[in-house]
Amino acid sequence: MTCLRTEDVSFKAGGRTLVDRVSLVCKSRQFVALLGANGAGKSSLIRMLTGLVSPTAGTILLDDRTVQSFHRREMARRRAYIPQNARVEWPIAVERLVALGLMPQLPAFGDLDATAWCKVEVALRQCGLIHKRHQPADTLSGGELARAMLARALVGNPDILIADEPLAGLDPRHAIEGMVQLAGLARAGRLVIASIHDLTLAARYATHVAILHQGRLTAFGPTQTTLTPANIRTAFEVNARIAGVGTHARIDLGVPAEPAGMR
Amino acid sequence: MVRLAGQSLMLILMVLVLPVAIALSLVVGRVAIPIAELFGGLAAPKPNLAWLILAELRIPRTLLALVVGATLGLGGAALQGLLRNPLAEPGLLGVSGGAALGAVIAIYFGLAAAFVLAIPLLGIAGALAAGALTFLFGRSGTLTLILAGAAVSGLAGAGLALALNFAPSPYAAYEITTWLLGSVAERDWAQIGLCLPFILAGWVCLAFTPRGLDLLTLGEAQAESLGVNLGVLRALVLIGVALSVGAATAMAGAIGFVGLVAPHLVRPFVGHQPSRILLPSALFGALLLLATDIVIRILPTSNELKLGVLTSLIGTPFFFWLVLRLRRLSP
Numbered sequence: 000m001t002c003l004r005t006e007d008v009s010f011k012a013g014g015r016t017l018v019d020r021v022s023l024v025c026k027s028r029q030f031v032a033l034l035g036a037n038g039a040g041k042s043s044l045i046r047m048l049t050g051l052v053s054p055t056a057g058t059i060l061l062d063d064r065t066v067q068s069f070h071r072r073e074m075a076r077r078r079a080y081i082p083q084n085a086r087v088e089w090p091i092a093v094e095r096l097v098a099l100g101l102m103p104q105l106p107a108f109g110d111l112d113a114t115a116w117c118k119v120e121v122a123l124r125q126c127g128l129i130h131k132r133h134q135p136a137d138t139l140s141g142g143e144l145a146r147a148m149l150a151r152a153l154v155g156n157p158d159i160l161i162a163d164e165p166l167a168g169l170d171p172r173h174a175i176e177g178m179v180q181l182a183g184l185a186r187a188g189r190l191v192i193a194s195i196h197d198l199t200l201a202a203r204y205a206t207h208v209a210i211l212h213q214g215r216l217t218a219f220g221p222t223q224t225t226l227t228p229a230n231i232r233t234a235f236e237v238n239a240r241i242a243g244v245g246t247h248a249r250i251d252l253g254v255p256a257e258p259a260g261m262r
Numbered sequence: 000m001v002r003l004a005g006q007s008l009m010l011i012l013m014v015l016v017l018p019v020a021i022a023l024s025l026v027v028g029r030v031a032i033p034i035a036e037l038f039g040g041l042a043a044p045k046p047n048l049a050w051l052i053l054a055e056l057r058i059p060r061t062l063l064a065l066v067v068g069a070t071l072g073l074g075g076a077a078l079q080g081l082l083r084n085p086l087a088e089p090g091l092l093g094v095s096g097g098a099a100l101g102a103v104i105a106i107y108f109g110l111a112a113a114f115v116l117a118i119p120l121l122g123i124a125g126a127l128a129a130g131a132l133t134f135l136f137g138r139s140g141t142l143t144l145i146l147a148g149a150a151v152s153g154l155a156g157a158g159l160a161l162a163l164n165f166a167p168s169p170y171a172a173y174e175i176t177t178w179l180l181g182s183v184a185e186r187d188w189a190q191i192g193l194c195l196p197f198i199l200a201g202w203v204c205l206a207f208t209p210r211g212l213d214l215l216t217l218g219e220a221q222a223e224s225l226g227v228n229l230g231v232l233r234a235l236v237l238i239g240v241a242l243s244v245g246a247a248t249a250m251a252g253a254i255g256f257v258g259l260v261a262p263h264l265v266r267p268f269v270g271h272q273p274s275r276i277l278l279p280s281a282l283f284g285a286l287l288l289l290a291t292d293i294v295i296r297i298l299p300t301s302n303e304l305k306l307g308v309l310t311s312l313i314g315t316p317f318f319f320w321l322v323l324r325l326r327r328l329s330p
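Line by line, the protein sequences give chains A and B. Residue 0 is where the first sequence starts when you use numbering that gives the first Met the number 0, and the numbers rise one by one after that. Residue 0 is where the second sequence starts when you use numbering that gives the first Met the number 0, and the numbers rise one by one after that.
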């Protein structure tokens with residue numbers, strides 16, 4: 000059982016407080032959707048959760064050890080991170096791209112062995128890219144590249160998957176498929192944390208939501224009880240109407256009649 | 000697996016062509032000596048003319064062309080991988096400029112005439128100083144590294160111009176410019192012996208970078224999340240390039256384009272993966288520089304055409320070809 004916990008975590012940069020005393024506890028089998036308006040501090044919080052950026056105050060614990068106390072390779076084996084708009088810099092083959100996710104498992108020198116290539120193949124199949132394995136990664140479409148990055152993240156079999164806006168730039172079908180896949184990973188025992196802008200998709204597939212507003216965590220808990228019109232209004236300054244539950248949930252949004260500045 | 004075949008094919012080709020080029024380099028020279036007589040000198044009582052030409056002129060020249068070419072190819076490949084920019088070349092970090100400035104200072108103050116090792120010694124010192132300066136200002140990020148390298152190159156360029164401006168005599172100015180044009184001719188074993196440890200140390204540093212360079216294909220954030228210590232990787236590449244390219248430049252002067260061209264030409268054959276480019280690029284760089292040096296010896300010019308001049312002459316059209324290809328590839 001993996002447990003990722005933040006205790007009063009803050010992050011300040013350039014005199015501004017981007018994340019303000021956030022405390023939350025995430026566990027295996029949860030799919031936590033991180034919600035919030037642009038600039039609410041989602042990316043900063045995500046980078047701290049990955050352990051790549053240290054909080055300016057507070058602590059982040061992975062299984063009761065601070066994230067900073069893990070060696071970077073050890074951390075790399077435990078959690079996978081997909082940043083926003085992940086790109087490839089060289090036109091390497093898709094299978095080579097996915098294989099890069101196995102590097103933390105390998106000794107410093109030496110190439111991939113047969114077992115490693117097996118894992119790559121499994122990850123490629125899982126993400127529906129097996130027929131593209133030899134294709135240069137820069138020729139993939141946006142949806143395919145997102146799946147390739149997911150395969151890259153999953154190939155090392157991490158306990159935790161952290162993704163920053165994994166649905167950005169995906170068409171509706173690929174966005175839904177992405178959410179289904181992330182939800183499936185959580186059901187299979189992983190902890191999945193992803194920042195997401197589409198509230199309906201979050202309502203349908205996330206087990207938990209964490210709502211950020213101006214760096215503060217304004218709501219955190221199971222989706223059903225936390226993703227309420229009141230909480231949505233606080234975070235996004237829009238009116239929300241919620242219909243249906245579970246995978247049939249639908250959230251209609253409307254801008255409040257009076258301008259936000261007049262209230 | 001087409002890519003793998005391409006890679007082995009290229010390596011086999013280079014392993015076959017390289018000995019031929021080396022043999023050719025030992026046979027071809029200003030002094031025309033029949034091959035039988037040249038190698039007969041090995042068995043004849045020493046010293047004899049054929050033996051001297053081989054041991055003191057052609058072998059060091061061949062070795063130096065190979066080592067300098069390999070260094071430029073390796074340094075270019077490592078830098079292009081680190082900066083993820085196909086236009087990066089080893090001189091980008093300012094170490095070549097620093098080495099040239101150090102060597103020119105040795106010529107300027109007449110140290111080179113008094114002491115044979117003055118040029119490589121001051122050249123290496125200049126390269127290390129330039130590398131340290133670039134590292135000091137630019138270690139925090141990729142962009143700052145490039146900017147710091149440009150600033151250090153500019154500083155070294157200004158120093159070179161100053162040396163030419165205040166050259167004590169026209170002859171000194173001539174000597175400086177000739178040295179700057181780049182050559183692997185007439186370097187003795189003591190000079191090579193001085194530079195070789197630095198070059199090898201640089202290669203060792205670069206040998207620890209392939210894993211990190213591969214992971215940088217995913218961008219800095221993902222590379223870090225996969226366990227790469229970016230600070231250490233940057234330092235390894237910078238120190239490796241400063242040591243090896245710095246010492247190579249201190250020996251041979253400024254030789255352009257090899258470090259830019261070699262990684263480019265091998266990249267498509269190895270599936271563009273940064274780690275797989277390093278060794279072929281080094282081999283190809285060595286081959287390229289040795290072949291160029293042989294051509295120089297064959298060309299019937301009154302003054303010997305300088306190595307750096309010919310590599311630039313060959314390299315420029317390649318650059319244009321690169322531009323055309325990029326223009327065709329990008330919509």
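C-beta atoms are modelled at their ideal positions from N, C-alpha and C, and glycine is treated no differently.
* **Length of the line joining the Cα atoms of A/LEU128 and A/PRO157** => 20 Å
* Three-way DSSP call (helix, strand, coil) for B/PHE165 in this model -> coil
* B/ASN47 at chain A interface by Cβ criterion, 8 Å -> no
* Given 8 Å, three or more beta-carbon pairs between the region 255 to 267 of chain B and the region 64 to 75 of chain B -> yes
* Which one of A/ALA239, A/THR224, A/MET148 and A/ALA205 has the shortest CA to CA distance from B/LEU225? -> A/MET148
* What does DSSP give as the partner residues of A/ARG32 in its beta bridges? -> According to the sequence shown, residue 32 of chain A is Ala rather than Arg. Paired residue(s): A/ALA193 and A/VAL208.
* To do: Pair every Cβ in the region 62 to 74 of chain A with every Cβ in the region 33 to 45 of chain A, then say whether three or more of these pairs are closer than 8 Å.
  => no
* Taking one C-beta from the region 278 to 296 of chain B and one from the region 84 to 94 of chain B each time, how about it: are there three or more such pairs within less than 8 Å? -> no
* Go through its chain and collect everything with a Cβ distance to A/LEU51's Cβ below 8 Å, but skip five positions before and after it. => TYR80
* Flag this pair as yes or no: are the beta carbons of B/LEU199 and B/GLY239 separated by less than 8 Å? => no
* Measure the beta-carbon distance from B/GLN79 to B/ALA87 and round it to whole angstroms, keeping in mind my assumption that it falls under 8 Å. => 5 Å
* Neighbour-count burial assignment, A/ILE59, 16 or more Cβ in a 10 Å radius -> buried
* Asked: Could one say the Cβ of A/PRO157 lies closer than 8 Å to chain B's Cβ atoms, at least one of them?
  -> no
* Asked: For A/ARG15, which of helix, strand or coil comes out of DSSP?
  -> strand
* Asked: From B/THR315 to B/ALA246, what does the alpha carbon distance come to, in whole angstroms?
  -> 25 Å
* **Buried/exposed call for B/ARG2, threshold 16 Cβ in 10 Å** => Interpretation of B/ARG2 is limited by its pLDDT of 47, a score under 50 that renders its predicted location unreliable; no figure is taken from the coordinates.
* Asked: Hey, which unbroken runs of the beta strand (DSSP E) at 3 residues or more fall wholly within the region 27 to 91 of chain A?
  -> 30 to 35, 56 to 61 and 78 to 81
* Asked: Unbroken beta strand (DSSP E) runs of length 3 or more, entirely within the region 133 to 174 of chain A: which are they?
  -> 159 to 163
* Asked: For the 8 Å Cβ check, are there 3 or more pairs between the region 21 to 29 of chain A and the region 175 to 192 of chain A?
  -> yes
* Can you pull the chain B residues whose beta carbon is under 8 Å from the beta carbon of A/MET102, in chain order? => ARG210, ASP213, LEU214, LEU225 and GLY226
* Determine the DSSP secondary structure at A/PHE219, reduced to helix, strand or coil. => strand
* Are there 16 or more other CB atoms within 10 angstroms of the CB of A/ASN230, so buried, or fewer, so exposed? -> buried
* Which term fits A/ILE161, buried or exposed, when burial requires 16 or more other beta carbons within 10 angstroms of its beta carbon? -> buried
* When you compare each of B/PRO299, B/GLY101 and B/PHE108 to B/GLY125 by their alpha carbons, which one comes out closest? -> B/GLY101
* **In DSSP terms, what A/ALA239 is bridged to** => A/LEU252
* At least one CB of chain B closer than 8 Å to the CB of A/ARG72: is that the case? -> yes
* Measure from the C-beta of B/TRP321 to each C-beta in chain A and report whether the shortest distance is under 8 Å. => In the sequence under discussion, the amino acid at residue 321 of chain B is Leu, which differs from the Trp named in the question. B/LEU321 does not count as touching chain A.
* Asked: Listed from N- to C-terminal order along the chain, which residues in the region 68 to 87 of chain B have their beta-carbon within a distance smaller than 7 Å of any beta-carbon of chain A?
  -> ARG83
* To do: Report the rounded CA-to-CA distance for B/MET0 versus B/PHE268, giving the unit in angstroms.
  => Because the pLDDT of B/MET0 is 40, which lies under 50, any placement of that residue in the model is unreliable, and the question is left without a value.
* Asked: Mapping DSSP to helix, strand and coil, what is B/VAL231?
  -> helix
* For B/LEU370, which option in B/GLU303, B/ILE21, B/PRO85 and B/LEU8 has the closest C-alpha, if you only look at C-alpha atoms? -> No answer is possible for residue 370 of chain B: the residues shown for chain B start at 0 and end at 330.
* **Interface partners of A/VAL87 on chain B, CB under 9 Å** => THR216, LEU217 and GLY218
* Can we say the region 228 to 235 of chain B touches the region 104 to 111 of chain A, given the rule of at least three CB pairs closer than 8 Å? -> no
* Under the three-state reduction of DSSP, which class applies to A/PHE10: helix, strand or coil? -> strand
* B/THR143 - DSSP class collapsed to helix/strand/coil -> helix
* Asked: Apart from the five residues on each side of it in sequence, which residues of its chain come closer than 8 Å, Cβ to Cβ, to B/LEU25?
  -> LEU37, LEU53, ARG57, ILE58 and THR61
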